[in-house]
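Residue numbers (this note's numbering): -17 to 135.
In what follows, a single structure is set out as structure tokens and then discussed.
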Amino acid sequence: MFRKIKKVLAIACVTMAVGAVTIPNFVSAQTSTPDSTSRPERRKPHDGGIWKKLNLTDAQKSQLKTIHENAKTQRQSVFTPEQRAIMEQARQSGDRKGVGKSLNLTDAQKQQLKTISQNTKTQVENVLTSEQNQQLAKFRQDRKAQYNSRRDR
């Protein structure tokens, strides 16, 4: 009788031990997303970036918001409905890598987007003070250097 109890207890202990080892692995396998496992280097949460550091006035914030909304509308008008659908799908899936190439932009579209970007940059610079423009230029320069150093790895 004691042998049967010992046998049952031994089986129960082995079952619990195996369960204790496999359940955490099973749970972590279910909770990990492809995004979190495929990218070991995650971006740092951003703190509002340069716009917070520029100490913008309410008037400047309002003007910049209008400028950026207008630029977005102008950019959207450059794309065909198919291209907009591709961008929306990439935005929803969170996989924006390579979406620019998949749009197959014409030279005219590329030029329009470049012009919109240049005009937006000029409008933004006109809203900012000279000190704020210097800070923004330094930020852009630093960001470009970071991009180039990552690209060269």
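In this text, a Cβ means the ideal position worked out from N, Cα and C, and glycines have one as well.
Out of Q91, D89, I68, which has the shortest C-alpha to C-alpha gap to G80?
I68
For the alpha helix (DSSP H) containing T111, list its first residue and its last residue.
No alpha helix (DSSP H) holds T111; DSSP gives it neither H nor E.
May I ask which residues mark the beginning and end of the alpha helix (DSSP H) holding K47?
40 to 60
Ends of the alpha helix (DSSP H) at K79?
Element bounds for K79: n/a, residue is neither H nor E.
Reduced DSSP secondary structure (H/G/I, E/B, other) of L87
coil
Can the beta-carbon of T102 be found closer than 8 Å to that of A72?
no
Going by the CB atoms, is the gap between V109 and Q56 shorter than 8 Å?
no
Could you tell me the distance, in whole angstroms, from the CA atom of R132 to the CA atom of E113?
29 Å
Among A119, A127, A41, S99, whose alpha-carbon lies nearest the alpha-carbon of H50?
S99
Compute the Euclidean distance between the alpha carbons of F61 and Q116, then round it to the nearest angstrom.
33 Å
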